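For the sequence shown, numbering that gives the first Met the number 0 begins at 0 and goes up steadily by one.
Idealized CB from N, CA, C, for every residue including glycine.
Computed from a predicted structure; not experimentally measured.
Below you'll find the structure, written out as structure tokens, and then a few comments.
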Amino acid sequence: MTRQDTITAAAGPFNEDLDMIRDQLRRFIQTEVTAKADAWEEEGMVPRDVLRRMGELGVLGMRYDEEYGGAGLDVMSSVVLAEEVGRSTFGGFAATVLVHTDMASPHLENAGTSEQKARWMPSITSGKKIAAVAVTEPGAGSDVAGMRTRAVKDGSDWVLNGTKMFITNGVHGDIFFVGAKTDPDAKGSRGITMFAIEKGTPGFSVGRALNKTGWLCSDTAELIFEDVRVPAGDVLGEVNKGFYSVMKNFQNERIVLGAMACAEAQTALDMTLDYVRQRKAFGGVLWDKQAIRQRLADCQTRIEAGRQLVYHAARQDAAGRDCVKEVSMVKAYCGELVNSVLYDCVQFHGGMGYMRETPVERMSRDARVQAIGGGASEVMLEEVAKRM
0 MTRQDTITAA AGPFNEDLDM IRDQLRRFIQ TEVTAKADAW EEEGMVPRDV LRRMGELGVL
60 GMRYDEEYGG AGLDVMSSVV LAEEVGRSTF GGFAATVLVH TDMASPHLEN AGTSEQKARW
120 MPSITSGKKI AAVAVTEPGA GSDVAGMRTR AVKDGSDWVL NGTKMFITNG VHGDIFFVGA
180 KTDPDAKGSR GITMFAIEKG TPGFSVGRAL NKTGWLCSDT AELIFEDVRV PAGDVLGEVN
240 KGFYSVMKNF QNERIVLGAM ACAEAQTALD MTLDYVRQRK AFGGVLWDKQ AIRQRLADCQ
300 TRIEAGRQLV YHAARQDAAG RDCVKEVSMV KAYCGELVNS VLYDCVQFHG GMGYMRETPV
360 ERMSRDARVQ AIGGGASEVM LEEVAKRM
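Put into structure tokens, the structure is as follows:
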């Protein structure tokens, strides 16, 4: 067993079925992702056949009903998935998968009708169609209430106009769950509605692919909606109630981002421990230096604290309890944690930690967005403060 295996086995709230899923995922990622994803970083996307094979494994729809190709599991299955894709060392791969499984498609699961689920969910769980969620705009990120995309009723249809920004899976996605303001007179977060819009719909286009610091194999886009006509049957949930759908799904999104961040931090720390125990310096190895040992021990302590906070919030969520405070703590703490740990890991790799050929260099770039996306740390701490 690896160091992380030992920790997870001792502390993780998982059952035998989830352990089997973890083992299956780990084998797949080692053979089909870690050894190949350097090329994906250059290509700017995860090959869709890789995602389809993950669908065949049954890991893209674990939370959904069996009739749609799912397994009917709870949030702990999402934690397992997030931890394993986080261990891959490729944040862009992890983001591609988790946006599809735990940030976009839950909008269909939570608010979709039986007809909508029957129409789209089987292709989502199989990986034949990759999902994205389009809420963020150039002037409205964590502040969803600032949304400016508009949808106007025209007969039985809705007509959308606006722009979305920083949309993961936006370049090569197939189905988009899009937020738009449907009541311009409503104050604040009210008057937002969610729509399901498929790739190829007239008036819907990718404005440009975005060039990022990290997550390079995750395709990210600006999306443009110009008089996009959406049938009433493609409205997700109640008209003017979409904000509540977004907020509900933020809980799940922030739990999986926390689990992903902890797994990334642990993997980078394991690499660094191996490195400092071999790197010769000053008549010994770096591990001989008390300052380095204690700094890495501190990293391990904080990672374990973050992991247990994730598990606690996930258990609360699985039990149906109000856990906005705990989930906000997860997102704030783990997003900062992974950046702090990766800083130390790069530092103790020395010059090699600054080379593109070293995984911790890539991971340090990938980690930066963890304190921004899905709710910036400052926004999350305000959510905690409101509930203190």
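The beta carbons of T112 and Y67 sit no closer together than 7 angstroms. When the five nearest sequence neighbours on each side are left out, the beta carbons in the same chain lying within less than 7 angstroms of the beta carbon of G126 are those of L50, R51, M53, G54, L59, in order along the chain. For L159, the secondary structure class from DSSP, reduced to helix, strand or coil, is strand. Here the region 164–172 lies against the region 194–212, with 3 or more beta-carbon pairs under 8 angstroms apart. Selection W39, R47, L56 evaluated against Q23 yields L56 as nearest (Cα-Cα). The bridge partners DSSP lists for L235 are M193. Non-local C-beta neighbours of A312 in its own chain, meaning closer than 7 angstroms and more than five positions away in sequence, comprise I254, C322, E325, V326, V329, ordered along the chain.
Residue pairing for P230: DSSP places it in a beta bridge opposite D156. Taken in chain order, the whole beta strand (DSSP E) runs of length 3 or more contained in the region 43–99 number zero. Here the region 79–93 lies against the region 211–226, with 3 or more beta-carbon pairs under 8 angstroms apart. When DSSP states are grouped into helix, strand and coil, K385 belongs to the helix group. Per DSSP, reduced to three states, the secondary structure at R149 is strand. Rounded to whole angstroms, the separation of the alpha carbons of E83 and R25 is 6 angstroms. The alpha carbon of M146 has as its nearest neighbour, out of N338, F249, P137, the alpha carbon of P137. Contact between the region 102–116 and the region 241–258 is established, with three or more Cβ pairs separated by less than 8 angstroms.
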